[in-house]
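>
Numbering (our numbering), first residue to last: 197 to 783.
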């Protein structure tokens, strides 16, 4: 643990002890006073002398305790100058932070830069011979490590008619290997192959309208599935991780990537190497495939089909994009999910989960030399394979306003989106600042105008980079209509706030506030091991270097009011606009 971290810990411990002591002192003093009062009242009655003697003894004890606690407090306060000094070494003095003058900007930036320099100094990167890259950041404040495996493949990489396969694979990656998650893989394997054959026969019989044949095959399918289930060790991977002290075992799939993550105590580094390398070296894609398909179909029903706003977003993206895969849902279309086979998922895995398409970040209490040695031992077993580069169609410029309207049993919603360039564009920071100005929290323009002042909406938000930022994407704004108002009123008010950016330069104080919020938000994310791992990988894969993560802070600081006006005029035009209206369906 370094000196700054120890100082912070000492300060927090000191604060905790002072508060606890004061609380105890207050309770003891109150109790003593209450007991003394009761004794006085009872002495006027007919209570015995024995009770009075007992009360006197208790009072003496409490008085002695009071004196002891008071001495403890005085002693502790005497130590405070040292703790206060340690605290000032890790943070600017309060009076400097609170002074709202423009001259205070350099101290804020200078307080960030040493942190960034330290991060860069403690970071190591290396690539194995098979092409798999590792980014390792040492953080020795606590004996824990966060791990994130980043597969550079998501919804945009799926073949037509196979939507949802990337997300399906993410689910199956928790089912285990030929050694993990099974009682006897030799006995399990033929049963899994039989299930795949029966599923194909059932689909054929249904297409031919052979109901009796379908019934017979489905009965046989259930029998074999029950046999296979007896050989499965449910969630064995999760149990191994948990028993070893691991936390946060999870994964997620987006339009552009699939991420697998969890954290371990520092002494479990080699266990993680063994588990994670085995997971993608020898996965059993067919294990519980059909059971998981039903889970995903139910997930889709909850998120989309039974969710008015979920269905609205799906239709909105389909309207905003005509050729780019961003128009398709990551979870997949219902029909595509039902028709996916184990062979489809296996082929997708073999194509995209090659070493050169994987990047791993390890952040925490580790030794980079040890990490590299173990990585070569475990992940070096992967065979180098050619990375397949999918030809992602480029979305042509939008030439006119597009609109989609749905009527569903829901409170009315209004959505408005504008196409913007990818994360690698020089104006990326400008778009982020615009998004924050308009829709970041209760101080944002949309919230203050639509929710607080005009009371047209119950909520008004938005964000940049939807549904992903690796490719040109959308700035999306959305609002939930307040009772007694219509979405058309909301549309007019929202657009007025957007148009102001084109004609009224943002006040310096507002711009500085948003910049500070943006920098602080990024630094808060980087404060945790997992947050740092995620951001390092996002920038490494999407922009070509993790160093661009830290360059983002400089880019944010460099944004001017003129940049905001220029970008707003270029972006917020009628022909670049897509509108979504979710109207209440009357009974």
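C-beta: ideal position from N, C-alpha, C; glycine also.
1) Relative to the C-alpha of residue 725, which candidate in 758, 562, 375 has its C-alpha closest?
2) Identify the residues that DSSP records as bridge partners of residue 776: which are they?
3) Reducing DSSP to helix, strand and coil, say where residue 756 ends up.
4) Can the beta-carbon of residue 678 be found closer than 8 Å to that of residue 653?
5) Given 8 Å as the limit, is there contact between the stretch 483 to 492 and the stretch 574 to 583, that is, 3 or more CB pairs closer than that?
6) Return yes when the Cβ of residue 583 is within less than 8 Å of the Cβ of residue 553, no when it is not.
7) Can you say whether residue 451 is buried or exposed, counting buried as having 16 or more other CB atoms within 10 angstroms of its CB?
8) In or out: residue 520 buried (at least 16 other Cβ within 10 Å) or exposed?
9) What does the Cβ neighbour count give for residue 629, buried or exposed, with the cut at 16 atoms within 10 Å?
10) Starting from residue 498 and walking both ways along the alpha helix (DSSP H), at which residues does that stretch end?
11) Touching or not, the stretch 372 to 383 and the stretch 543 to 552, by the rule of three or more beta carbon pairs under 8 Å?
12) Counting only runs of 4+ residues fully inside the stretch 611 to 667, write out the alpha helix (DSSP H) ranges in chain order.
13) Does the contact criterion of 3 or more C-beta pairs under 8 Å hold for the stretch 686 to 705 versus the stretch 752 to 763?
14) For residue 641 and residue 693, what's the separation of their Cα atoms in angstroms?
15) From the DSSP output, which residues share a beta bridge with residue 479?
16) On the CB-based measure, 16 or more other CB atoms within 10 Å of its CB, does residue 615 come out buried or exposed?
17) Say whether the stretch 769 to 778 touches the stretch 593 to 602, bearing in mind that this needs 3 or more beta-carbon pairs closer than 8 Å, one atom from each stretch.
18) DSSP state of residue 605, grouped into three classes?
19) Hey, how far is the Cα of residue 643 from the Cα of residue 468?
20) My understanding is that residue 688 touches residue 608, with C-beta atoms under 8 Å, so please give their C-beta distance in whole angstroms.
21) Keeping to the same chain, check which residues put their C-beta closer than 8 Å to that of residue 494; ignore five residues upstream and five downstream.
22) On a CA-only basis, which of 557, 363, 505 is nearest residue 454? Give me that one, please.
23) Look at residue 698 and residue 771 and say whether their C-beta atoms are less than 8 Å apart.
24) Within 10 angstroms of its Cβ, does residue 386 collect 16 or more other Cβ (buried), or is it exposed?
25) Specify the secondary structure class of residue 741 as computed by DSSP and reduced to three states.
26) Go to residue 815, then tell me how far its beta strand (DSSP E) extends in each direction, as first and last residue.
27) Taking contact to mean at least 3 C-beta pairs separated by less than 8 Å, is the stretch 331 to 349 in contact with the stretch 458 to 477?
28) Around the C-beta of residue 748, are 16 or more other C-beta atoms found within 10 angstroms, so that it is buried, or is it exposed?
29) On the DSSP letters alone, give me the boundaries of the beta strand (DSSP E) that residue 444 sits inside.
30) If you draw a straight line from the alpha carbon of residue 370 to that of residue 434, how long is it in whole angstroms?
31) Quick check on residue 274: buried or exposed, where buried means 16 or more other Cβ atoms within 10 Å of its Cβ?
32) Using 10 angstroms around the beta-carbon of residue 767, count the other beta-carbons present and answer buried if the total reaches 16, otherwise exposed.
33) Identify, in the order they occur along the chain, each residue of the same chain with its Cβ nearer than 8 Å to the Cβ of residue 318, setting aside the five sequence neighbours on each side.
34) Around the Cβ of residue 491, are there at least 16 other Cβ atoms within 10 angstroms (buried) or fewer (exposed)?
35) Given 8 Å as the limit, is there contact between the stretch 314 to 330 and the stretch 433 to 447, that is, 3 or more CB pairs closer than that?
36) Considering only the beta carbon of each residue, do residue 168 and residue 366 sit closer than 8 Å?
Let me lay it out:
1) 562
2) 600, 611
3) coil
4) yes
5) no
6) Against a cut-off of 8 Å, the Cβ pair of residue 583 and residue 553 comes out as a contact.
7) buried
8) buried
9) buried
10) Counting along the chain, residue 498 falls outside any alpha helix (DSSP H), and DSSP gives it neither H nor E.
11) Flag = no, the stretch 372 to 383 and the stretch 543 to 552 do not touch.
12) The stretch 611 to 667 contains these whole alpha helix (DSSP H) runs: 624 to 635.
13) yes
14) 7 Å
15) 373
16) buried
17) Verdict: yes, contact present.
18) coil
19) 45 Å
20) The pair is not a contact, with the Cβ atoms about 14 Å apart (cut-off 8 Å).
21) If the five residues before and after residue 494 are omitted, its C-beta is found closer than 8 Å to no C-beta atom of its own chain.
22) 363
23) Not a contact, by the Cβ cut-off of 8 Å.
24) exposed
25) coil
26) Summary: the structure shown does not reach residue 815, with the chain confined to residues 197 through 783, and so no result is reported for it.
27) yes
28) Buried, because 16 or more other Cβ atoms sit within 10 Å of the Cβ of residue 748.
29) Taken as a continuous stretch (DSSP letters only), the beta strand (DSSP E) holding residue 444 covers 443 to 449.
30) Distance between the alpha carbons of residue 370 and residue 434: 8 Å.
31) Note that residue 274 scores a pLDDT of 36, beneath 50, so its modelled location is shaky; the value from the coordinates is reported in the next line. Label assigned to residue 274: exposed.
32) buried
33) 333, 334, 335
34) exposed
35) no
36) No answer is possible for residue 168: it lies beyond the span of the chain, which begins at 197 and ends at 783.
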